[in-house]
Amino acid sequence: MPVSPDLEHLLRDASLRVTPPRRAVLAAVYEHPHATTEALLARTRERLGSVSHQAVYDVLRALTDAGVVRRIQPAGSVALYEARVGDNHHHALCRSCGVVGDVDCAVGHTPCLTASDSAGFVIDEAEVVYWGRCSACAAPSPTSPTSPTSPTSPTSPTSPDSPT
Ligand SMILES: [Zn+2]
Ligand SMILES: [Zn+2]
Numbered sequence: 827m828p829v830s831p832d833l834e835h836l837l838r839d840a841s842l843r844v845t846p847p848r849r850a851v852l853a854a855v856y857e858h859p860h861a862t863t864e865a866l867l868a869r870t871r872e873r874l875g876s877v878s879h880q881a882v883y884d885v886l887r888a889l890t891d892a893g894v895v896r897r898i899q900p901a902g903s904v905a906l907y908e909a910r911v912g913d914n915h916h917h918a919l920c921r922s923c924g925v926v927g928d929v930d931c932a933v934g935h936t937p938c939l940t941a942s943d944s945a946g947f948v949i950d951e952a953e954v955v956y957w958g959r960c961s962a963c964a965a966p967s968p969t970s971p972t973s974p975t976s977p978t979s980p981t982s983p984t985s986p987d988s989p990t
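This note's numbering puts the first residue of the sequence shown at 827, with every later residue one more than the last.
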């Protein structure tokens, strides 16, 4: 059950003027963790009616810059947004279905920020992505009614002599 945060308070705390698009986008991020820009655009339109892609993009950028929203972009994925900020938690991604899960730091409080050698950098974030398969995809399915079998590989490793 999602807690209903005081969105206007969050925006003001970040020195952001409270506007309907900002409010709607932030609410969408809270309700849909790790959502794509497209998904957040759809949710925002449900609340506000017509709103341009650019407007939502600009709001996400402002919220991210202000630290109200965290943007993650795992390799091979589009950008995802979440409202759980400041705790440097990590993410587990399923290679099969693409679902994203939150993973707390392995031990205690943000130990990953304590690099063994920071090379003089002042580190404020460590990005760790655990790749694997989610519980649903990893579960053995003797009778898989909707087996997501991929079609035959489109690229054959050894292509026969092609006509020149
Ligand atoms: Zn999965
Ligand atoms: Zn997360």
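Each residue gets a CB set at the ideal place from its N, CA and C atoms; glycine is no exception. Because the structure is a prediction, the values reported are computed rather than measured.
Can we count H1008 as close to ligand 2, meaning its CB is less than 7 Å from some heavy atom? Limits of the chain in this structure are 827 at one end and 990 at the other, which puts residue 1008 out of reach.
Taking 7 Å as the cut-off, is the beta-carbon of S967 closer than that to any non-hydrogen atom of ligand 1? no
I'd like to confirm something about A918: is its beta-carbon nearer than 7 Å to some heavy atom of ligand 1, or not? no
Buried or exposed by the 16-neighbour rule on C-beta atoms within 10 Å, applied to S979: Only weak support exists for where S979 lies, its pLDDT of 45 falling under 50; the coordinates are left without a value.
Which complete alpha helix (DSSP H) runs does the region 878–908 hold, if anything under 4 residues is left out? 879–891
Pop quiz: L866 and L886 are said to be a contact at Cβ under 8 Å. What is the actual Cβ separation, rounded to whole angstroms? 7 Å
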